[in-house]
Amino acid sequence: MIGLLPGAKVWVDEREVRVGPQALIDALVDVTIDGRPLRLVVEAKRQAYPRDVRQAIYQLRHYIAQLPASDVHELVPFFMANSISPGARDLLREERIGFYDLGGSLFIPANHAFILIDRPPPPAAARNLDRIFQGQRARVVMEVVERRPEWLGVKGVAEATGVSPATASATLSEMERREWVEVEGAGPAKLRRLRDPAPVIDAWASAIAERKPPALTRYYVPVGDVGALARRLDAACTQADAVYAVTSEVAAQAYAPHLSSISQLRCRIAPGPAHDAALAELDARRVKEGWNLGVLETRSPGDVIVGPRIDGITLAPALQVYLDLLQGSGRARDMAAHLRAERLERA
């Protein structure tokens, strides 16, 4: 990548260079830009989150301190990985550590040459970065956000979300690597709590921006208004023993009132016979236009994440509501911004 820049030449000087009794530099790469020589002191990883990068920054500065001073080359600490998370990139830029990843992003903060090429990660790397927001991992992340500022352990999170302790532990560890959580203790007694909801919300919003919204099946239920519909839905799901959660505009209005009127209700109902029984109990008729009940597609019971009950109605967690609004249209994005300000980013 560097060699493709105008006026640049690159060659690997040495690999696995030992400095001191224990330090081992992954590579020294000599670069010439417009006739000015640089030497990149390289630390390489497969993928990187902020915690990995902090360790690498310390190592790179230690390496450079151990290298003999050069009258010819400017020494530039440089980090390479297949993928570097957005938070890790920000940290590297703040600390003036060069970096490169397989998506083609490049940063060289030399004294006589400042190069910044910022590109999205390659598709495979992006999917890997976004896995934390899918399936059972997503339930763990949402639990941590919803229960801020509590200190949470693996066992408690696993029990609250219905995921295995192994999944809870792996997800919490990844949140730790991304520096989304604070840590107290160690081993089985280790506790974590959310530092700040904003980076988590931003990362999740970015992830769903690349996905298609869940399919919505539209129904008409003969009721007077959306409030009556919500009460009918709760009664029908209770009668059918169906797990449900109201989301989008109706739920956002319950969490943080914003609109004067809402005419359509969106929800999730766990798939299976109880799903169909609840809709039959509602006397819901499938329609293309004039709908007042929208049921978002669910493929497994785990797709329905249940939050609090407000005014006798079961809502999705506020973060799930926010994400659903982001994938909506019309006034949905305005409601999302209001919900985030009033509910998600307040302690």
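The opening position of the sequence shown corresponds to residue 1430 in my numbering, with each subsequent residue numbered one higher. For each residue, glycine too, the CB sits at the ideal point set by N, CA and C.
Residue i in three-state terms, based on DSSP
| i | result |
| --- | --- |
| Ile-1734 | coil |
| Gly-1436 | Confidence in Gly-1436 is poor, its pLDDT being 49 and thus under 50, which makes the residue's placement unreliable; the coordinate value appears in the next sentence. DSSP places Gly-1436 in coil when its eight states are reduced to three. |
| Ala-1674 | strand |
| Ile-1637 | helix |
| Val-1652 | coil |
| Arg-1568 | helix |
| Pro-1466 | strand |
| Ile-1691 | coil |
| Glu-1774 | coil |
| Arg-1647 | strand |
| Ala-1659 | helix |
| Ala-1685 | coil |
| Ala-1473 | strand |
Contact under 8 Å by Cβ, residue i with residue j
| i | j | result |
| --- | --- | --- |
| Val-1573 | Val-1612 | no |
| Ala-1671 | Ala-1644 | no |
| Arg-1490 | Pro-1506 | yes |
| Thr-1600 | Val-1570 | yes |
| Gln-1693 | Val-1655 | yes |
| Ile-1561 | Glu-1524 | no |
| Leu-1623 | Pro-1549 | no |
| Thr-1676 | Val-1583 | no |
| Glu-1605 | Arg-1621 | yes |
| Leu-1748 | Leu-1773 | yes |
| Ile-1544 | Gly-1533 | no |
Any non-hydrogen atom of the ligand MN closer than 7 Å to residue i Cβ
| i | result |
| --- | --- |
| Ala-1765 | The ligand MN is not among the ligands present in this structure, which contains no ligands whatsoever. |
Beta-carbon proximity list for residue i, same chain, < 7 Å, skipping 5 on both sides
| i | result |
| --- | --- |
| Arg-1607 | Tyr-1478, Pro-1479, Ser-1514 and Gly-1516 |
| Leu-1521 | Val-1482, Phe-1508, Phe-1528 and Phe-1536 |
| Gly-1436 | No answer about Gly-1436 holds up, because its pLDDT of 49 lies below 50 and its placement is not dependable. |
| Tyr-1492 | Val-1448, Ala-1452, Ile-1454 and Val-1470 |
| Gln-1756 | Ile-1637 and Pro-1642 |
| Asn-1511 | Arg-1475, Gln-1476, Asp-1530, Leu-1531 and Ala-1554 |
| Val-1592 | Gln-1565, Arg-1568 and Val-1569 |
| Pro-1628 | Gly-1516 and Trp-1609 |
| Glu-1710 | Ala-1665, Gln-1668 and Ala-1669 |
| Pro-1737 | Leu-1744 |
| Ala-1685 | His-1767, Leu-1768, Glu-1771 and Arg-1772 |
| Leu-1581 | Val-1573, Leu-1620, Arg-1621 and Arg-1622 |
Range covered by the alpha helix (DSSP H) that runs through residue i
| i | result |
| --- | --- |
| Val-1586 | 1583-1590 |
| Ala-1484 | Note on identity: in this sequence residue 1484 is Gln, with Ala being the wrong assignment. Looking at the DSSP string, the run of the alpha helix (DSSP H) that includes Gln-1484 is 1479-1495. |
| Arg-1762 | 1761-1768 |
Close-in-space but distant-in-sequence residues of the same chain around residue i (CB under 8 Å, 5 per side omitted)
| i | result |
| --- | --- |
| Ile-1698 | Cys-1666, Ala-1671, Val-1672, Tyr-1673, His-1704, Ala-1707, Leu-1708, Val-1724, Thr-1727 and Val-1733 |
| Asn-1540 | Glu-1503 |
| Gly-1741 | Arg-1660 and Asp-1663 |
Continuous beta strand (DSSP E) stretch holding residue i: start and end
| i | result |
| --- | --- |
| Ala-1456 | 1452-1462 |
| Leu-1623 | 1620-1623 |
| Glu-1603 | Here Glu-1603 belongs to no beta strand (DSSP E); instead the alpha helix (DSSP H) covers 1594-1606. |
| Glu-1579 | That residue, Glu-1579, is in no beta strand (DSSP E); it is neither H nor E in DSSP. |
Same chain, Cβ closer than 6 Å to residue i, five either side skipped, listed in chain order
| i | result |
| --- | --- |
| Glu-1575 | Pro-1746 |
If we require 4 or more residues per run, which alpha helix (DSSP H) segments fall completely within the segment 1707-1758?
1747-1755
Which runs of the alpha helix (DSSP H) fall wholly inside the segment 1506-1565 and span at least 4 residues, in chain order?
1515-1523 and 1552-1559
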